Ligand SMILES: Cc1cc2nc3c(=O)[nH]c(=O)nc-3n(C[C@H](O)[C@H](O)[C@H](O)COP(=O)(O)OP(=O)(O)OC[C@H]3O[C@@H](n4cnc5c(N)ncnc54)[C@H](O)[C@@H]3O)c2cc1C
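In my numbering, the protein residues as written are 405 to 753.
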């Protein structure tokens, strides 16, 4: 059987691109198990992340609009995200947030301390307090599964392999243009030098004093310059730690090390771990996503650095416009931007 597109991978990228293509009338097969079985998706904190530079911040708002179009209840408002970053960077983020109707304001350290109790969050004065959004991941995935089924997307709940003839699922070959949306596994399916895999961890702490917060004491969330980033998101009890090395090893020591560092710096007074979830995240060498055509009949769609729920649907829409209308892709997303020889890349069987 021949489809217009065979999408490999059923995380948020694969589900949203399947949905958008089917809405435009394409005949789509989705290879992957479209439930909340992805360890990456099920570990996600689901914060709509937008403390990032243009154009990513716009992609987060496009994604938000897409989720609201699907179903209002996918998005919940959280009243307390805290950021501290370099002033110029933050002013452009805050201006953009205000333009989009998000409540965001600069606050004093005293205000932040009062709000957050005895947690010493920030060393500098560029503190921004934002009313942000949390994505209800389970509801989102369930809604997308229902929608793609209504649009007659053929779901092959199996693992697939890319071959020269198409995607092999068991003994069947599913033919069509292929879209690789396999998250961290994309690197196994197509050869591109531009994907790296690292580990994201979520820690559930029994520490009621940690409010929703982001600690970002590095050059940027999305530039793992020092390979020593500390990123903390919490909803009162949850802390997320991203460290790029040793992506696939189930080793909790890094999380504990980061928690200890946070304790020694006075960020948290004590902690008791309820659980640690560890999952691979996909990133690119230059911290940008990969969206577009690798060669005739082979496309790729990855988010980057663990913000897939915030931007993957916007990237999917970009890919669909590229396919459907021939729209240009921004250079930041071009999957060939880093590959020195522009020879076609053959898929690995
Ligand atoms: C701890 C943690 C916290 C996070 N917090 C946030 C957050 O607050 N906000 C945010 O926006 N993002 C967050 N993220 C990131 C977000 O979860 C990911 O970026 C997003 O889930 C990636 O989606 P994806 O569809 O690209 O990949 P995935 O969700 O990894 O989906 C890829 C799918 O492809 C399948 N697959 C792979 N190979 C094949 C094959 N050969 N055949 C069939 N199927 C295949 C896999 O099983 C998987 O289901 C977090 C991630 C982690 C780990």
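Where is the CB? At the ideal position from N, CA and C, for every residue including glycine.
Because the structure is a prediction, the values reported are computed rather than measured.
*Determine the closest residue to residue 438 out of 466, 546, 513, with distance taken between C-alpha atoms.*
546
*Exposed or buried, which one is residue 614 when buried takes at least 16 other CB atoms within 10 Å?*
The pLDDT assigned to residue 614 is 45, lower than 50, so where the model puts this residue is not dependable; a value taken from the coordinates is nonetheless given after this. Residue 614 is buried by the Cβ-count criterion.
*Around the Cβ of residue 468, are there at least 16 other Cβ atoms within 10 angstroms (buried) or fewer (exposed)?*
buried
_What does the Cβ neighbour count give for residue 629, buried or exposed, with the cut at 16 atoms within 10 Å?_
Here residue 629 scores only 28 on pLDDT, less than 50, and its place in the model should not be relied on; the value that follows carries that caveat. Result: exposed.
_Three-state class that DSSP yields for residue 585 in the structure shown_ = coil
*Could you check the C-alpha separation between residue 460 and residue 664 for me, to the nearest Å?*
32 angstroms
*Leaving out five residues on either side along the sequence, give the residues of the same chain with a beta carbon under 6 angstroms from the beta carbon of residue 549.*
438
*Can you say whether residue 661 is buried or exposed, counting buried as having 16 or more other CB atoms within 10 angstroms of its CB?*
exposed
*Report yes or no: do the region 506-516 and the region 557-575 share at least 3 C-beta pairs separated by less than 8 angstroms?*
no
*So the beta strand (DSSP E) residue 408 belongs to, where does it begin and stop?*
406-412
_Let me check you understand the geometry: is the CB of residue 718 closer than 7 angstroms to at least one non-hydrogen atom of ligand 1?_
no
*Boundaries (first-last residue) of the alpha helix (DSSP H) holding residue 543*: 541-554
*Complete beta strand (DSSP E) runs within the region 553-578 (minimum length 3 residues, chain order)*: 558-560, 571-573
*Run the proximity test for residue 587: is its beta-carbon closer than 7 angstroms to any non-hydrogen atom belonging to ligand 1?*
yes
_Integer-rounded CB distance, given that residue 693 should sit under 8 angstroms from residue 596_ = With 8 angstroms as the limit, residue 596 and residue 693 do not qualify as a contact, their Cβ atoms being about 12 angstroms apart.
*Where does residue 598 land, buried or exposed, given buried means 16+ other C-beta within 10 angstroms?*
buried
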